[in-house]
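Taking numbering that gives the first Met the number 0, the leading residue of the sequence shown gets 0, the next gets one more, and so forth.
Glycine included, every Cβ here is placed at the ideal spot set by N, Cα and C.
The structure presented is a predicted model; accordingly, all values stated were derived computationally and were not measured.
One structure below.
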Amino acid sequence: MAVTQLSEAEVLAVLAPVKDPELGRPMMELKMIQDVVVVDPQTIGMRVVLTTPACPMKNRIHDDIDAALATLPGSPKAQIKWDAQVSRTGGVPQKQQVEGVRNIISVGAGKGGVGKSTCAVNIALALSQLGARVGVLDADVYGPNVPILLGAEHEKPYAENEKIIPIQRYGLKIISIAFFIEADKPAIWRGPMLSGAVRQFLFDVNWGELDYLVVDLPPGTGDVQLTMSQSIPMTGAVVVSTPQDVSTADVGRAIQMFNTLKVPNLGLVENMSYFICPHCGEREEIFGHGGAKALA
């Protein structure tokens with residue numbers, strides 16, 4: 000017996016009541032479900048547009064769409080192409096937008112050696128793996144380690160049409176002061192030089208179109224942090240700490256700085272929280288545990 004070919008109108012009718020799990024409004028009304036096509040009697044193709052590639056509700060949305068399609072003859076399944084339209088951080092008076100960059104996330108720390116740069120790179124890679132277009136600005140001028148973490152320490156950017164072209168690694172666009180100074184020479188710069196370098200990396204680099212620019216800040220509460228916070232609209236900041244008191248005391252000041260500058264705090268990461276012995280599998284809390292959680 001031949002299987003009846005479904006019409007697009009039938010498919011759209013059963014999809015119409017499917018709601019966004021967070022907003023509670025029909026996804027068709029929100030234009031989140033687009034380009035619906037009957038591929039074959041068992042498969043319905045469509046594009047689902049989210050507000051972020053990191054949406055935690057993807058599986059539920061897929062299940063809800065499949066449940067709606069199951070009411071059709073033959074119970075077809077959804078073949079979804081996930082897409083995202085990441086919104087831009089709103090403009091703020093006296094703050095300059097970075098061309099092509101929708102959101103800027105700063106990663107800071109109260110003191111050095113807590114794994115801030117590693118966390119910044121991992122955040123960037125995670126967003127990229129979820130489908131976002133991501134860049135990394137290594138603004139830690141005193142310890143620029145991002146190129147090493149991404150295996151790009153021997154690369155040299157070049158200029159094109161009066162703009163610096165960032166290095167690309169693992170799907171990320173990268174700029175770091177390390178690309179422009181000799182590896183064994185320290186960057187001995189005062190405030191105005193630091194501010195000028197940071198502004199150049201923001202506005203004189205051809206970032207292209209980015210959903211997120213992750214900025215690895217120097218530790219502490221100095222000139223670079225102030226320049227970033229006062230010059231551009233930042234989506235928010237992630238602060239990294241280790242569990243012991245000497246780290247959480249300093250990170251508290253970093254959080255207070257971001258609060259004073261009206262930069263939203265997106266989260267506090269407790270890094271180096273414990274160590275798993277590779278021989279016995281025992282967990283060792285070398286620096287203690289829970290200090291950052293208590294602060295949060």
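Three-state class that DSSP yields for residue i in the structure shown
i, result
"R59", "helix"
"G235", "strand"
"I32", "strand"
"D139", "coil"
"T42", "strand"
"Q167", "strand"
"G266", "strand"
"D203", "coil"
"I275", "strand"
"A108", "strand"
"D19", "coil"
"I64", "helix"
"V97", "coil"
"G134", "strand"
"R24", "coil"
"L294", "helix"
Close Cβ partners of residue i (< 7 Å) along its chain, the five nearest in sequence each way excluded
i, result
"N144", "S116"
"D249", "G109, K110"
"H278", "none"
"S194", "D222, T226"
Terminal residues of the alpha helix (DSSP H) in which residue i lies
i, result
"N160", "That residue, N160, is in no alpha helix (DSSP H); it is neither H nor E in DSSP."
"I176", "Element bounds for I176: n/a, residue is neither H nor E."
"G251", "244-259"
"F14", "The identity of residue 14 in the sequence shown is Leu, whereas the question assumes Phe. Element bounds for L14: 7-14."
"I147", "145-148"
"L225", "222-230"
Integer-rounded CB distance, given that residue j should sit under 8 Å from residue i
i, j, result
"S105", "L216", "5 Å"
"D82", "V133", "Wrong, their Cβ atoms sit about 16 Å apart, outside the cutoff."
"I103", "V237", "About 12 Å separates the two Cβ atoms, so there is no contact after all."
"M27", "A15", "5 Å"
"Q78", "V38", "6 Å"
"L212", "L136", "6 Å"
"V223", "A125", "Incorrect: roughly 24 Å between the Cβ atoms, too far for contact."
CA-to-CA distance, residue j to residue i, given in whole angstroms
i, j, result
"L5", "V35", "12 Å"
"V239", "C276", "23 Å"
"T234", "L225", "15 Å"
"V204", "L149", "19 Å"
"Q128", "L201", "24 Å"
"F257", "L29", "34 Å"
"P242", "Q229", "30 Å"
"K155", "K172", "13 Å"
"L265", "T51", "15 Å"
"A158", "E21", "44 Å"
"G251", "V262", "14 Å"
"G107", "R59", "33 Å"
"L298", "V85", "This structure cannot speak to residue 298, because the chain is shown only from 0 to 295."
"G73", "I176", "59 Å"
"G130", "K80", "11 Å"
Host beta strand (DSSP E) of residue i (start-end)
i, result
"Q128", "Where Q128 is concerned, there is no enclosing beta strand (DSSP E), although the alpha helix (DSSP H) it sits in stretches over 115-128."
"D82", "76-83"
"L212", "211-215"
Residues near residue i by beta carbon distance below 6 Å, same chain, minus five either side
i, result
"E161", "none"
Own chain, CB closer than 8 Å to residue i, minus 5 neighbours either side, in chain order
i, result
"K76", "Q41, T42, I43, D65, L68"
"V13", "A67, L68, T70, L71"
beta-carbon residue i near the ligand FMN non-hydrogen atom, thresh 7 Å
i, result
"M192", "The model on display carries no ligand, and the ligand FMN is accordingly not part of it."
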